[in-house]
Structure formats: structure tokens, C-alpha cells
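Residue numbers (numbering that gives the first Met the number 0): 0 to 294.
Notes to accompany the following structure.
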Amino acid sequence: MNRELLNSGGYYNNFRGQWKMKNERSGHEAIQQMLLNMQVQIWEAERTQCWPEWKEFDYTVSYNKLYFILDGEGWVKIGDEELYPVPGQLVLMPARTRQSYSVISGRPYLKYWSHFSATVGDSDVFSWLNVPYCYDLSGSAEMPALFQQLVDSHRSESIAARLREKSVMLEILSRVFEHQQPQIHADKMEDMGRLHKVQQYIKNHLHEEITLEQMAGTLHLHPNYFIKYFKRHFGITPQKYLSLKRMEQAKLMLRTTPLSIKEIADATGFESANYFSKTFRKEVGYSPSEYRNNI
Numbered sequence: 000m001n002r003e004l005l006n007s008g009g010y011y012n013n014f015r016g017q018w019k020m021k022n023e024r025s026g027h028e029a030i031q032q033m034l035l036n037m038q039v040q041i042w043e044a045e046r047t048q049c050w051p052e053w054k055e056f057d058y059t060v061s062y063n064k065l066y067f068i069l070d071g072e073g074w075v076k077i078g079d080e081e082l083y084p085v086p087g088q089l090v091l092m093p094a095r096t097r098q099s100y101s102v103i104s105g106r107p108y109l110k111y112w113s114h115f116s117a118t119v120g121d122s123d124v125f126s127w128l129n130v131p132y133c134y135d136l137s138g139s140a141e142m143p144a145l146f147q148q149l150v151d152s153h154r155s156e157s158i159a160a161r162l163r164e165k166s167v168m169l170e171i172l173s174r175v176f177e178h179q180q181p182q183i184h185a186d187k188m189e190d191m192g193r194l195h196k197v198q199q200y201i202k203n204h205l206h207e208e209i210t211l212e213q214m215a216g217t218l219h220l221h222p223n224y225f226i227k228y229f230k231r232h233f234g235i236t237p238q239k240y241l242s243l244k245r246m247e248q249a250k251l252m253l254r255t256t257p258l259s260i261k262e263i264a265d266a267t268g269f270e271s272a273n274y275f276s277k278t279f280r281k282e283v284g285y286s287p288s289e290y291r292n293n294i
């Protein structure tokens, strides 16, 4: 075989591998940021014995659904994927996805179920994330208890219960994502690439003064439109994101380096050590020195 072609093929495969790793890394960072700002709202949560006539075909709803099967048999179709979940399995049915379900025997499901929204800005999280629809959690003794906590909290009218039900739903979703790490939908990769470009610009210039116009310029967008675009996908303004990243870097440097407060202020783009200390105390609750000593 021609050595030049062989080398060319090796170069191509190496380039493709690096490109794939870069995309996976940028997708992972974007998912992290998305989940960090995710807002969860529980609309319904119950434990139900389905009836023999339990069925519905080819419909869509504006909320996400979870089924955790306790007993019985049934059939679920999500998009073009047909499932026959068994006891111990959890089914995730994303919002605005065509769905069907029905009984398949004289033993209809006994199940926990919940309707909920999970949003970042104006976007539903599962419109971005490519996740499996069915998870085998039969080895998890905690899952039935978590769903019962979700049901009990949702039934309660106390203010504390509103916080508790969100906490429990986040715990359930964390178990799901531990089981199968989510990926970005292929049709969202272009948007995700654009957002990663902004993230990378901020990361590379964190030690400098960064203006809104500069951030918007990385995507060739007008600043006013850029603010809406960024907030729609990340749930916060680009200025707030920049502030959070400065704080993250400052805390990391306080924990892991012997640099002075002034040096850390310079490295994270603050105009002075005094302004850095005031901002840090406001955001974290400690002065930089107190934070370093406590850690």
C-alpha cells in the first residue's frame, strides 16, 4: 500500500478521533452547566393500580413522565420505540414525544408515576438530552422508597413539601443519569457548539476584562439578541455566567495555590484586590482569606 496514503489515513483517523473527543468534552461541559441551572416542577405524583381498560394511543403532552413499575404487565411506545417494562424498571417519557400505552394481559400495571417539567431558561432539558427511555433499577432498594417520598411530599400542602418533592425528583433523576450518562441530541450539536465557543472564550480570557460585546462577538450576534440566546439555553445571563466562572476559578486557586489575594484577583479579571474581596464575600459569604483558612 502506498505509504503516503497510509499516513494520510492515519492522520485522518487521528483527526477524527480528536474531533470526536473535543465534541464529547464540549457536550459534557454544556450538560453540566445545563443541569446546574435546571428548574424542576412536579405536576403529579401517585401510586396507581391501572385498570383493565388502561390505554391511550398516539398522543403528546407538554410535560415529562416517569413510570416506575411495581407489578403487572403492559406496553409502552415512545416515538418509534416499543417497550414492555417489567417490575423494577423505570420508564422516562420526554415531553412533546409521541406516546402510546396499553395493557397486554389481565394483570395491568401497579406503578408509581409522576408528571414533571425540567427546564433551563425557555428550553425543556430533555429536548436537548439524548437519554434511554427504559432503565433497569431492579437492584435498587431505594427507588420505591424515593417514589413514595415523592408521592407523600406532593400530597402534602406544606411549604417544606414543595422543596422536598423537588429534592426527591432530583435524587431520582440523579440515579437515572448515574445509570446512563446523557448525551446531546444530534440535532442540537450545532447550538451546543456555538455555546461551547462562548464558554471557551470566557475560560481563555478569564484574567481579562470581558465585555458583553466581546462575548456576543464570538457568535457574531447583537448583544441584545445574544443575552436572550444565552439565557434561553443556560437559564442565566452571560454576565451572571461570567461572574460564576470567576468565582469558581478564584475558589479553586484559593484551595490549591499559595498565590496572594491580589494575584488571584488579577488572574480572575478583577480590577483590584479590594473589589475582588468585596465581591467574593457577597457571593460566597466569606472573605477570600477566611475561605482559604476554612477549607
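Glycine included, C-beta positions come from ideal geometry on N, C-alpha and C.
Opposing strand residues paired with residue i [DSSP bridges]
i, result
"Gln-98", "Tyr-58, Ile-77"
"Ser-122", "Val-119"
"Asn-129", "Gln-182"
"Asp-265", "Paired residues: none, contrary to the question."
"Leu-109", "Gln-48, Asp-70"
"Tyr-134", "Leu-89"
"His-219", "DSSP, once it has assigned bridges, lists no residue as partnering His-219."
"His-206", "In DSSP, His-206 forms no bridge with anything."
"Leu-194", "DSSP output for Leu-194 lists no bridge partner at all."
"Leu-82", "Val-75"
Candidates the options: closest to residue i by CA position
i, options, result
"Glu-208", "Ala-94, Tyr-111, Ser-271", "Ser-271"
"Ala-144", "Phe-67, Ser-104, Gly-120", "Phe-67"
"Gly-284", "Lys-261, Tyr-132, Val-197, Met-246", "Met-246"
"Ala-94", "Asp-123, Gln-198, Tyr-83, Val-119", "Asp-123"
"His-153", "Met-188, Tyr-132, Thr-236, Val-167", "Val-167"
"Leu-149", "Ser-104, Arg-46, Ile-235", "Arg-46"
"Val-119", "Ser-286, Phe-275, Trp-74, Gly-234", "Gly-234"
"Met-33", "Met-92, Arg-231, Gly-105", "Arg-231"
"Thr-236", "Cys-49, Thr-256, Gln-198, Leu-253", "Gln-198"
"Lys-239", "Met-214, Thr-96, His-221", "Met-214"
"Gly-73", "Pro-86, Asn-273, Lys-64, Ile-158", "Pro-86"
"Cys-49", "Pro-222, Tyr-58, Leu-69, Asn-63", "Leu-69"
"Glu-28", "Tyr-134, Lys-227, Lys-244, Leu-251", "Lys-244"
"Trp-127", "Glu-177, Ile-30, Gln-147, Thr-59", "Ile-30"
Segment limits, alpha helix (DSSP H) that includes residue i
i, result
"Leu-253", "237-255"
"Tyr-274", "272-283"
"Leu-145", "141-154"
"Val-175", "158-178"
"Lys-370", "Since the first and last residues shown for the chain are 0 and 294, residue 370 lies out of range."
"Glu-289", "287-293"
"Glu-212", "211-216"
"Tyr-228", "222-233"
Host beta strand (DSSP E) of residue i (start-end)
i, result
"Ala-44", "38-48"
"Phe-67", "63-70"
"Leu-91", "88-92"
Rounded C-alpha distance that separates residue i from residue j
i, j, result
"Leu-205", "Gly-71", "56 angstroms"
"Pro-88", "Asn-36", "One detail in the question is off: residue 88 reads as Gln in this sequence, not Pro. In a straight line, the C-alpha of Gln-88 is about 28 angstroms away from that of Asn-36."
"Met-20", "Gly-192", "With a pLDDT of only 47 at Met-20, under 50, the local geometry of the prediction cannot be trusted, and no value is derived from it."
"Ser-173", "Leu-136", "13 angstroms"
"Phe-269", "Tyr-224", "26 angstroms"
"Asn-292", "Lys-202", "26 angstroms"
"Ser-61", "Ala-44", "16 angstroms"
"Asn-22", "Pro-287", "Any reading at Asn-22 must be qualified, since the residue scores a pLDDT of 48, below 50, and its modelled position is unreliable; the value itself is stated next. Roughly 35 angstroms between the two C-alpha positions."
"Phe-275", "Ala-264", "6 angstroms"
"Thr-255", "Gln-248", "11 angstroms"
"Glu-189", "Lys-165", "31 angstroms"
"Leu-194", "Glu-212", "15 angstroms"
"Val-90", "Ile-158", "29 angstroms"
"Ser-139", "Phe-125", "24 angstroms"
"Lys-196", "Thr-217", "7 angstroms"
"Thr-210", "Tyr-132", "42 angstroms"
"Tyr-98", "Met-142", "The amino acid at residue 98 is misidentified as Tyr; the sequence shows Gln. Their Cα atoms are separated by approximately 24 angstroms."
"His-219", "Ala-160", "45 angstroms"
"Phe-56", "Leu-109", "20 angstroms"
"Ile-103", "Pro-222", "55 angstroms"
"Arg-106", "Lys-187", "40 angstroms"
"Phe-146", "Thr-96", "23 angstroms"
"Leu-65", "Tyr-83", "15 angstroms"
Cβ-heavy atom distance, residue i to the ligand GTP, below 7 angstroms
i, result
"Leu-82", "Judged by which ligands are present, the structure shown has none, so any question about the ligand GTP falls away."
Any C-beta of chain B under 8 angstroms from that of residue i
i, result
"Ala-266", "Of the chains in the structure shown, none is chain B; there is only one protein chain."
Checklist entry - On the three-pair Cβ rule with 8 angstroms, is the region 75-85 touching the region 175-189? => result no
Next on the checklist: Would the region 112-120 count as touching the region 38-53 if we require 3 or more Cβ pairs under 8 angstroms?
Outcome noted: yes
Next on the checklist: Taking contact to mean 3 or more Cβ pairs, one atom from each stretch, closer than 8 angstroms, check whether the region 273-290 and the region 253-263 are in contact.
Outcome noted: yes
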